[in-house]
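For what it's worth, full-length UniProt numbering labels the leading residue of the sequence shown as 1, then goes sequentially. Shown next, in structure tokens, is the structure this report addresses.
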Amino acid sequence: MLSSTHTIPQKNIAIMGATGSIGDSTLSVVSQHPDLYNVVGVTGFSRLDKLLSICQQFEPSYVCVAKEKETSFAQMLSDAHLSCKILIGEQGLAELATLAEVDMVVAAIVGAAGLPSTLAAANAGKTILLANKEALVMAGELMIKAVKQSNAKLLPIDSEHNAIFQCLPTAVQQQRNTIHDDNHGIKKLWLTASGGPFLYKTLDDMKRASIAEAVKHPNWSMGQKISVDSATMMNKGLELIEASFLFDMPVSEIEVVIHPQSIVHSMVEYNDGSFLAQLGSPDMRTPIAHAMAYPNRISSGVERLDIFKLSNLNFVQPDLEKFKCLGLAYQAMQQGSYACIALNASNEIAVQAFLNGDIRLTDIADINEKVLLQAEKQPIGSLQAILAVDKLSREQAHQCIADLNA
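Laid out in structure tokens, this is it:
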């Protein structure tokens, strides 16, 4: 194991979405290696007390907040005798992601809101630690093109995608399109899913599910939105789309398997019959530390996996009737990028409606299906085109919710 020494040059990091769970895990790894990582900038749009605490501990040069929070947060910084420069809104996010002194951008803003700054970081040639799956779900072709043109690095920190990345040959890690070369013999990518809180429940149980039941994930500590997505398996659907773009593999060669223990984080199947799997405790600091130090290794602070205590590891085929959202993701990829944008937009609106108590958990999939059926085929060649489809699909989802409650 590589310790914190100067064999790795110090990196300046901007953490987009620093107050979320990915931000927590990233800052935990940073705090263990202060000689290797310097937090240059952080962002947070709602939890200002937590953002202030981060600024006090890590003393970033820049902090980005929502426009309506600028005055109040400036006062908070002044009262704490901190001199961070405040950046504002979406423009501030893009500015932070492209600062000359920033080496590494942790893209951890949830949902479509994280897309513009992640794309800006790609165009600026940054090393991007990608947790914001929507950046590839909505703009996969655009993101990959930007990464290639600017020589940016795109390193996944979703546990499943990072696991696949670790199980691929070094040549493929460095140049993803070589995944198709015969000499590598890669047959299929396997994305593992926990199955969420309703794996052993019926569809009727899901129809009656409360918000508290839906956000109570059995293995991971996550925000409400991603926890609901795990409950419907929409999260795995989005990860399926992300994996297709990230690894240049058609969805027909990517399989989702439910693995309730969340110990095997994903696998790569080879033509010779081999399966390579990445195992570890269910802790996001492992994939984050891997990407932060890549191609080196550093300690992450994660509790060591005791393989002698592993009594059984189960693998189950998903029930696409109960987890209809997963099937919709396969359908969207077959339709095209425009459909992926529509599906993601609809899902964000539907999940929020569920969290607001306006619809049932199972209504999310039905709303997503209706919006997907309305999606009109069109070329997606710019951020403006993506945002236009996103806006229309959100409006359609709102209408579906209104119709349900009429």
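Positions of the beta carbon are idealized from the N, C-alpha and C atoms, including for glycine.
It is roughly 10 Å from the alpha-carbon of L130 to the alpha-carbon of I22. Beyond the five residues adjoining it in sequence on each side, V29 comes within less than 8 Å, by CB distance, of Y37, R285, I288, A289, M292, I298, S300, G301 in the same chain, given in chain order. Cα atoms of K236 and D158: separation of roughly 11 Å, rounded to the nearest angstrom.
Residue state for G111 is assigned as coil, using DSSP reduced to three classes.
Counting along the chain, no alpha helix (DSSP H) covers E255; the unbroken beta strand (DSSP E) around it starts and ends at 254–258.
Pairing C325 with M234 gives a Cβ-Cβ distance under 8 Å. Spatial neighbours of C64 in its own chain (CB-CB distance under 6 Å, excluding positions within 5 residues in sequence) are listed in chain order as T43, L87, G92, L93, L96. The residues A163, Q166, C167, H265, in chain order, have a CB closer than 6 Å to that of Q278 in the same chain once the five nearest residues on each side in sequence are set aside. Straight-line measurement puts the Cα of G41 at about 20 Å from the Cα of D79. With a beta-carbon spacing of about 7 Å, A350 and I359 fall inside the 8 Å limit used to define contacts. The Cβ-Cβ distance between A120 and I128 does not fall below 8 Å.
Each of P169, C400, T118, M16 was checked against the Cα of E269, and the nearest Cα belongs to P169.
In this structure the region 56–76 does not lie against the region 312–322, because fewer than three pairs of beta carbons, one per stretch, are closer than 8 Å. In this structure, the beta-carbon distance from E242 to L136 falls below 8 Å. Around the beta carbon of T202, fewer than 16 other beta carbons lie within 10 angstroms, which makes this residue exposed.
Counting every other CB atom within 10 Å of its CB across the protein chains shown gives H180 a total below 16, marking it as exposed. In the assembly as shown, N405 is an exposed residue. Its beta-carbon has fewer than 16 other beta-carbons within 10 Å.
The distance from the Cβ of G111 to that of E348 is about 5 Å, consistent with a contact at the 8 Å cut-off.
Less than 8 Å divides the Cβ of V105 from the Cβ of A14. For secondary structure counted as the alpha helix (DSSP H) over 4 or more consecutive residues, the region 318–347 holds these complete runs in sequence order: 324–335. Contact check for A353 against I401 passes: the beta carbons are separated by less than 8 Å. With 16 or more neighbouring CB atoms inside 10 Å of its own CB, Q396 falls in the buried class. Shown here for R394: same chain residues with a beta carbon closer than 7 Å to its own, the five before and five after excluded, namely A345, I349 in chain order. Straight-line spacing of the CA atoms in L191 and C84 works out to 41 Å. If one requires a minimum length of 3 residues, the beta strand (DSSP E) runs lying completely within the region 72–154 are 85–88, 104–107, 127–130, in chain order. Pairing A375 with L343, the inter-Cα distance amounts to about 9 Å. Annotated as distal: L99 and M76, with beta-carbon spacing of 8 Å or more. Apart from the 5 residues on each side of it in sequence, P116 sits with its Cβ closer than 8 Å to the Cβ of E90, L93, A94, L383 in its chain, given in chain order. Counting of Cβ neighbours within 10 angstroms places R304 among the exposed residues, the total staying below 16. The beta carbons of M333 and V215 sit no closer together than 8 Å.
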